[in-house]
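>
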Amino acid sequence: MKASDALAKFLIVHQVQTCFELVGGMITHMLDSFAVSKQFNIVSMHHEQSAAFAAEGIARHTKGKTIAVAMGTSGPGATNLITGIGDCWFDSVPCLFITGQVNTRELKGDRAIRQQGFQELDIVEVVRSLTKYAVRVDRPEDLLPELHKALSTTLSGRQGPVLLDIPNDIQRADISDALVEKWLKVPLQIHHGPEATPSALMQLEDLCKAAQRPLVCIGGGARWADAMDEWLLAADTLGIPYVATLMGHERVVARNNYFNMIGSYGNREANWAVQNCDLLIVIGARLDVRQTGSDTDDFARKASVVQIDIDPAQLGNRVQADLNICATADSFFKTFPLRADIFPSLDKSWVTELSKHRDRTQSNEYADWEISPSELFKRLNHILSKHSVDYVCDVGNHQMWAAQSLRLSPNQAVHYSGGMGAMGFAFPTALGVAIQSQKKVVVITGDGSLQINIQELDTLNRLGLDMTIIVMNNSVLGMVKNFQDMYFDGRDQSTKKGYSSPSFTDIATAYGIEAHRVTNVADMDRILPLIVEHSG
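Residue numbers (the working numbering): 574 to 1109.
1. Kindly list the residues whose CB is nearer than 6 Å to the CB of Arg786, restricted to its own chain and excluding five residues on each side of it in sequence; keep chain order.
2. Threshold first: 3 residues or longer. Then list the beta strand (DSSP E) segments lying entirely within the stretch 753 to 792, N to C.
3. With the cut-off set at 7 Å, would you say Gln588 and Gln612 are in Cβ contact?
4. Answer yes or no: do Val540 and Arg709 have a C-beta to C-beta separation smaller than 7 Å?
5. Measuring CA to CA, which of Asp903, Phe916, Thr908, Thr865 is closest to Arg891?
6. Quick one: what's got a C-beta closer than 7 Å to Gly657's C-beta in the same chain, skipping five residues either side?
7. If I follow the unbroken beta strand (DSSP E) through Gly524, where does it start and stop?
8. Should Ser606 go down as buried or exposed, given a rule of 16 or more other Cβ atoms within 10 Å for buried?
9. State the beta-bridge partners of Asp882 as determined by DSSP.
10. Quick check: what's the CA-CA separation for Ser918 versus Met1052?
11. Leaving out the 5 sequence neighbours to the left and right, which residues in its chain are closer than 7 Å to Lys681 when beta-carbon positions are compared?
12. Give the straight-line distance between the Cα atoms of Val1105 and Lys951, rounded to the nearest whole angstrom.
13. What does a CB cutoff of less than 7 Å around Ala1031 pick up in its chain, not counting 5 residues either side in sequence?
14. Hey, Ala551 and Tyr964 are a contact pair by Cβ (cut 8 Å); roughly how many whole angstroms apart?
15. Going by Cα to Cα distance, which pick from Val675, Pro767, Leu669, Val847 is closest to Glu719?
16. Restricting to Cα atoms, I'd like to know which of Glu679, Asp660, Lys755 is closest to Phe691.
17. Which residue spans inside the stretch 965 to 1043 form an unbroken alpha helix (DSSP H) run of at least 4?
18. Do you know whose CA, among Lys1069, Ile655, Gly766, lies nearest Cys646's CA?
19. Mark His764 as exposed unless 16 or more other C-beta atoms lie within 10 angstroms of its C-beta, in which case mark it buried.
20. Suppose the cutoff is 8 Å on Cβ atoms and the five residues either side in sequence are ignored; what does the same chain contact list for Tyr939 look like?
21. Candidates Asn676, Asp683, Ile671: which alpha carbon is nearest Tyr706's?
22. Determine the contact status of Leu911 and Ala846, defining contact as a CB-CB distance below 7 Å.
23. If the criterion is Cβ atoms closer than 7 Å, does the pair Ala999 and Asp967 meet it?
24. Buried or exposed: which applies to Tyr1188, given that a residue is buried once 16 or more other Cβ atoms fall within 10 Å of its Cβ?
25. Between Phe1077, Val1094, Asn1093, Gly792, which has its C-alpha nearest Glu1113's C-alpha?
26. Looking at the secondary structure, which residues open and close the beta strand (DSSP E) in which Thr672 lies?
27. Under a Cβ-count criterion, where at least 16 other Cβ atoms within 10 Å of its own Cβ denotes burial, should Tyr1060 be classed as buried or exposed?
28. Which residue or residues does DSSP assign as beta-bridge partners of Glu594?
29. Ala581 lies in the alpha helix (DSSP H); which residues open and close that run?
30. One question on the structure: do Leu853 and Val878 come within less than 7 Å of each other, judged by their Cβ atoms?
31. Quick one: what's Ala707 bridged to in DSSP?
32. Report back the beta-carbon spacing between Ala773 and Ile898 to the nearest angstrom; my notes put them in contact at under 8 Å.
33. Evaluate the contact criterion for the stretch 715 to 731 versus the stretch 577 to 586: three or more CB pairs, one atom per stretch, below 8 Å.
34. On the premise that Asp742 lies in contact with Asn833, defined as a C-beta separation below 8 Å, what is that separation, rounded to the nearest angstrom?
35. May I ask you to list the residues that DSSP assigns as paired with Val697?
36. Tell me the DSSP secondary structure of Ile835 in three-state form.
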C-alpha cells in the first residue's frame, strides 16, 4: 500500500478527518490520498498560519477530544505553521501538524552547507521547543509507528501539538499491507495524567474547614474538565465564590457566585476577592505575571494558597503555595466533591460583600465614547443569552474588553489566544470552531488583528459558515499605544503614526459577505439583533 494511503487510513480509524492546508509540491501525495479516501473534510486556506489556527479551533470546540490536521509544504509552508504551533503549545491544545519534506536523498544531513534540496528546511529542530513530539520519518516502515506515537502523545496528559515531517519519497513508498493492518488495530496509548493523593486531599479539607472566606480560581488547565461545571454549580449552591483567569473564563458559566477575571486586565471585584480571601484554591492556573502582578509576595496576601496543576513543573514556580497538588483538574473535581460540611466556618456575609463590590464596579467607564465597549458586550450578552454560540476573540484591547464583560450562558464558550497572544488568531480559529460546531460563531476582533489573516474572508464565503465578525475599529493598535502613552510621552510610532486600516465593509462586500458599518448607539441597537436573525 502506498504510504500516503496508509497515513489516510490510520487517521480515519482514529477519527482525525479534517485537514486544513495550503497546497504545495511536497504534500500533494498526502492530499491526494486524503481526497481519494472520500472520508476527509479538506479545507484549503490562503495561508498556513490560518490553517494552523483553524485546526486548533477543532480541538478548542471539543475540549481537546477531537483533533484535526494542519499541513504545510516544505520550507516556507512549514515555517508559516509555527505561530499556530506555538499557540497550541502554550494553551495546551492537541493538534497534529504534518509537513512535507524534500526527498531523503536531497537532505543535507551532516554536511556543513545551508541547504541541499529546494525549500529544504529542518522543521523538526525549529519546532522542537514548541511541541510535545516532533520527528522526521526517514523510513516507510516507521510512518505508522511514529504516527501512533504522535497521536497518543498529543492527547495524553497536558495536551499539546505534535509534528511529523514526511519526505516526499517516503510518502509515495510502499508499505506492506500486513504492517498497515497491524498498526490499524493498535489502540492509541492515551495517559490522562496524575490524580491527587488521599493525603493531599485530606490536607486540603483541613484548610477548607478553617476557612471563613474561601475563593476558587479556575485556570486554563481546568476549562475543559467535564466535571468542572457541575463542581462550580455546587460551589454556587453552597455560597463559595469563584473567579477565573483569562483562559479559565473560556468555559465558566456566569452564575451568581462568579466574580469574573483576575489580573492586571481583570475585573476589580475579582482582584478584591483574591486580596481579601483567607483561602485561595487555584485549579489549573500557572499564576503568571498578568495574573499575580510582579510582587508575588503581595498576591493573595491574606490567604493560604493551594495550587492544583497537571504539570509538576508549574507547582511552586512563581507563587509558593501552602499546598501543591499534582493532578488533572477533572480528577480533582471528581475526587473532591463540594459539600456543606467541607466549609463549616464559612462567613455567610463573604459572598454578599463580594456582590456589593461587583455591583459597585459595573459602571460604564467609556460613557464619553460614541460606542462604549462595555455597553456593546452587555448588548451581546442579552441578545445571545439563549443561544448556543462560540465567541472567538483576537488579541488587543478588544480581547480584554470581552474578557471583562462577556457573561457566558450554558452551551456557550469563548476562545482566547492566551500564552502566545497572537494577533490574527480569532478569525481562522473561528473557521475551525464553526466547521466542528455547525452552529453560530461570533468573532471579536480589531482593525489591526483582522488584517493579519483577512485573506480568509474568501474561505469563509466559500464555506458559507454561520459566522458574525465584529470589528472593533478605533483605527489604532490600542493596547500597544496604551504602553506608549505611559512610557513614551504618547509618541505613538507604528500604533497610530505610520498605521492605517481600510474600509472593512468594502472589503467584506468584495468577498461576497454582507457587511454593516456601525458608528453610534442607534446603529448598534439596529444591527446587533441581526446576529441572531441572520444565518450565514
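Where a beta carbon is used, it is the ideal one built from N, C-alpha and C, also for glycine.
Short version:
1. Cys850, Asp851, Asp920, Trp923
2. 787 to 791
3. no
4. Because the chain in this structure spans residues 574 to 1109, residue 540 falls outside the shown range and cannot be described.
5. Thr865
6. Cβ neighbours of Gly657 beyond the five flanking positions: Gln622, Ala625, Phe626, Glu629, Ala643.
7. The question about residue 524 has no answer, for the chain in this structure spans 574 to 1109.
8. buried
9. Cys899
10. 43 Å
11. Sequence-distant Cβ neighbours of Lys681 in its own chain, meaning closer than 7 Å and more than five residues away, are Gln688, Gln689, Glu693.
12. 15 Å
13. Rather than Ala, the amino acid found at residue 1031 in this sequence is Asp. Counting only Cβ-Cβ distances below 7 Å, and skipping sequence neighbours, we find His619, Tyr1084.
14. Absent from the structure is residue 551, since the part of the chain shown begins at 574 and ends at 1109.
15. Leu669
16. Ranked by Cα distance from Phe691, the first of Glu679, Asp660, Lys755 is Glu679.
17. The stretch 965 to 1043 contains these whole alpha helix (DSSP H) runs: 970 to 978, 999 to 1010, 1020 to 1025, 1030 to 1036.
18. Before going further, note that residue 646 is Thr rather than Cys in the sequence given. Of the listed residues, the one whose Cα sits closest to Thr646 is Ile655.
19. With fewer than 16 other Cβ atoms within 10 Å, it is exposed.
20. Ser945, Pro946, Ser947, Glu948
21. Ile671
22. no
23. yes
24. Since the first and last residues shown for the chain are 574 and 1109, residue 1188 lies out of range.
25. Since the first residue of the chain shown is 574 and the last is 1109, residue 1113 is not available in this structure.
26. 668 to 674
27. exposed
28. Ser617, Met644
29. 576 to 586
30. yes
31. Leu736
32. 5 Å
33. yes
34. Incorrect: roughly 55 Å between the Cβ atoms, too far for contact.
35. Note: Val697 is not bridge-paired with any residue in the DSSP secondary-structure output.
36. coil
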